[in-house]
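Count the sequence shown with our numbering and you get residues 1 to 172, in order.
Beta carbons are placed, not taken as given, at the ideal position from N, Cα and C, and that holds for glycine.
The model shown is predicted, which means the values in this text are computed figures rather than measured ones.
Here is the structure we will look at, set down as structure tokens.
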Amino acid sequence: MKRFDFPLERVREWREKQAAAEEAKLERLLGELSAIEAASAELERERERNEQMIVRAEGVTALDLRALDGFRRYVKAERARIENLRADCQKRVAAQRAAILEARRRFQLLERLKQRRLYAWTADLNRELEANAAEAYLARWNAEHSASDTPESRSPARRSPARECGPSPHTS
């Protein structure tokens, strides 16, 4: 029997690479989301440092308070910008996860088809091997018994299984 060949193997491999590429895109997006989170955390730390600096200062001037107010407005605007970036990135992450699921589904569909075809091929191969083995056994058995199947060697102890079913042609 010929070796197993799945005609859609190249398509299956392409789908597998496509799923891996989609997963790589998700990793990149998760890295981007992590960077946004880090920027947000750094902004909060900077805001806390500036507020603590003003609270701990001994002589706070109107210029210091004005600078703190300007910095608070900057932090508020920057928070809004970062939150917009975060929301946009989270939407892209969700869309990418859906794309990964679809790519995996397409790959797994071909993988299951390949497994079913391999199973059927294996069953056919096993049937063919069994038929060949049975044929070889019968050929060997016939060869062994046809050589010893002379009229003088037909004692009741050495009868062939094929002749045990019916009457012997030598019995009268």
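- Message: Output needed for residue 79: all residues of its chain with C-beta closer than 8 Å, excluding positions within five of it in sequence on either side, in chain order.
- Response: Taking the first residue of the sequence shown as 1, we reach residue 79 at position 79. Only 40 and 43 meet the Cβ criterion.
- Contact belief for residue 32 with residue 89 at Cβ below 8 Å, rounded distance in angstroms: To locate residue 32, count along the sequence shown from 1; it is residue 32. To locate residue 89, count along the sequence shown from 1; it is residue 89. That pair is a contact at about 6 Å.
- Go through its chain and collect everything with a Cβ distance to residue 103's Cβ below 6 Å, but skip five positions before and after it. Reading the sequence shown from its first residue, position 103 is the one you call residue 103. For residue 103, where only same-chain residues beyond five positions count, the Cβ hits under 6 Å are 18, 19 and 22.
- Query: What's the C-alpha gap between residue 47 and residue 54?
  - Reply: The count along the sequence shown starts at 1 and reaches residue 47 at position 47. The count along the sequence shown starts at 1 and reaches residue 54 at position 54. Cα to Cα, residue 47 sits roughly 11 Å from residue 54.
- Ordered list of alpha helix (DSSP H) runs contained in the region 37-73, each at least 4 residues: Every candidate alpha helix (DSSP H) stretch fails here, since none sits fully inside the region 37-73 while reaching 4 residues.
- Query: For residue 11 versus residue 110, is the C-beta spacing smaller than 9 Å?
  - Reply: Residue mapping note: residue 11 aligns to position 11 of the sequence shown, counting from 1. Residue mapping note: residue 110 aligns to position 110 of the sequence shown, counting from 1. Result yes, Cβ atoms of residue 11 and residue 110 sit closer than 9 Å.
- Query: Can you give the Cα-Cα distance for residue 120 and residue 130, rounded to whole angstroms?
  - Reply: Position 120 of the sequence shown holds residue 120. Position 130 of the sequence shown holds residue 130. Rounded to whole angstroms, residue 120 to residue 130 spans 15 Å at the Cα level.
- Item | Residue closest to residue 37, alpha-carbon to alpha-carbon, out of 94, 84 and 139 | Here residue 37 refers to the residue found at position 37 of the sequence shown. Cα-wise, what sits closest to residue 37 is 84.
- Message: Let's test the definition: count the other Cβ atoms within 10 Å of the Cβ of residue 107 and tell me whether it reaches 16, buried, or not, exposed.
- Response: For the purposes of this step, residue 107 is taken as residue 107 along the sequence shown, with counting starting at 1. The residue in question, residue 107, is buried, as its Cβ has 16 or more Cβ neighbours within 10 Å.
- Whose CA, out of 2, 29, 139 and 8, lies closest to the CA of residue 87? As a working mapping, residue 87 is identified with position 87 in the sequence shown. Residue nearest to residue 87 within the set 2, 29, 139 and 8 is 29 (criterion: CA-CA distance).
- Query: Taking the Cβ atom as the reference point for each residue, do residue 117 and residue 6 lie within a distance shorter than 9 Å?
  - Reply: Taking the first residue of the sequence shown as position 1, residue 117 is located at position 117. Taking the first residue of the sequence shown as position 1, residue 6 is located at position 6. For the pair residue 117 and residue 6, the CB atoms are nearer than the 9 Å cut-off.
- Task: Going by CA-CA distance only, name the one from 133, 146, 92 and 122 that's closest to residue 26.
- Result: Stepping through the sequence shown from its first residue, residue 26 is reached at position 26. When the alpha-carbon of residue 26 is set against those of 133, 146, 92 and 122, the nearest one is in 92.
- Query: With 16 other CB atoms within 10 Å as the buried threshold, where does residue 45 fall?
  - Reply: On the sequence shown, residue 45 is found 45 positions in, with the first residue counted as 1. So residue 45 ends up on the exposed side.
- Item | Reduced DSSP category for residue 8 - H, G, I as helix; E, B as strand; rest coil | On the sequence shown, position 8 is the one that residue 8 refers to. It is coil, neither helix nor strand.
- Item | residue 2 (DSSP reduced to helix, strand or coil) | By 1-based counting over the sequence shown, the position of residue 2 is 2. Note: residue 2 maps to coil in three-state DSSP.
- Task: With a 10 Å radius around its C-beta and 16 neighbouring C-beta atoms as the bar for buried, classify residue 81 as buried or exposed.
- Result: If you number the sequence shown from 1, residue 81 lands on position 81. The residue is exposed, with fewer than 16 neighbouring Cβ atoms inside 10 Å.
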